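Novice: Sharing a structure here in structure tokens format.
In the working numbering, the protein residues as written are 6 to 194.
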């Protein structure tokens with residue numbers, strides 16, 4: 006099928022996803038996964054954090070058959086959040102860039118910690134940690150999933166905008182340095 010989906014359909018599918026931005030679905034985030042579902046490029050059963058509830062909601066919305074969660078993408082589990090053993094943290098800051106919602110606080114050469122109320126449980130911070138000081142722990146008190154998804158989406162959007170702004174600022178700095186070295190005015194004001 007793979008046709009260009011209507012933006013409102015993609016937005017409605019995206020709104021049904023848990024917004025963990027975990028990439029376990031095989032896409033770089035929830036919105037790209039929503040676009041792939043809408044275009045027919047992905048099945049509705051690739052979201053372990055959303056599990057059966059999300060599959061059911063997607064099937065209802067799209068008029069599709071309910072499928073079991075694809076084990077290739079992982080297993081459904083109760084909500085979890087990352088936790089850093091601060092005694093073992095060396096402050097390498099490798100966990101900061103992969104966090105899609107800026108739930109990790111710390112700086113290079115300083116201990117880091119997780120803001121549990123912001124953590125989506127994506128697990129993206131675990132692999133880059135060279136000392137294995139990050140673990141996943143059960144969520145103490147489950148939050149309203151629809152409200153949490155909206156908060157996660159807003160945090161992810163803010164994170165993405167900040168990264169884009171940083172990249173644009175860095176490119177302007179590089180352009181100015183190149184222009185200065187060549188003895189001319191920078192291309193970007």
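C-beta atoms are modelled at their ideal positions from N, C-alpha and C, and glycine is treated no differently.
A quick note: this is a predicted structure, and the numbers were derived from the prediction, not measured.
Could you tell me which residues DSSP pairs with residue 85 in its beta bridges?
Specialist: 143
Novice: Using a 10 Å radius around the Cβ and a threshold of 16 neighbouring Cβ atoms, would you call residue 74 buried or exposed?
Specialist: Flag for residue 74 reads buried.
Novice: With distance defined between alpha-carbon atoms, name the residue in 99, 42, 176, 34 nearest to residue 116.
Specialist: Ranking 99, 42, 176, 34 by Cα distance to residue 116 puts 99 first.
Novice: Using the C-alpha atoms, what's the distance from residue 136 back to residue 95?
Specialist: The alpha-carbon of residue 95 is positioned some 8 Å away from that of residue 136.
Novice: Take residue 158 and list the residues in its own chain whose beta-carbon comes closer than 7 Å to its own, dropping the five residues that flank it on each side.
Specialist: 24
Novice: Please go through the segment 69 to 119 and give each complete beta strand (DSSP E) segment of 3 or more residues, from N-terminal end onward.
Specialist: 85 to 89
Novice: Assuming residue 58 contacts residue 18 under a Cβ cut-off of 8 Å, what Cβ separation, rounded to an integer in Å, is found between them?
Specialist: That belief does not hold up - the Cβ atoms of residue 58 and residue 18 are roughly 15 Å apart, past 8 Å.
Novice: Tell me, please, whether the segment 163 to 179 touches the segment 126 to 141 by the rule of three or more beta-carbon pairs shorter than 8 Å.
Specialist: no
Novice: Report, in whole angstroms, the separation of the C-beta atoms of residue 91 and residue 118, which I expect to be a contact under 8 Å.
Specialist: 6 Å
Novice: Out of 102, 181, 97, 105, state which residue places its alpha-carbon closest to the alpha-carbon of residue 113.
Specialist: 97
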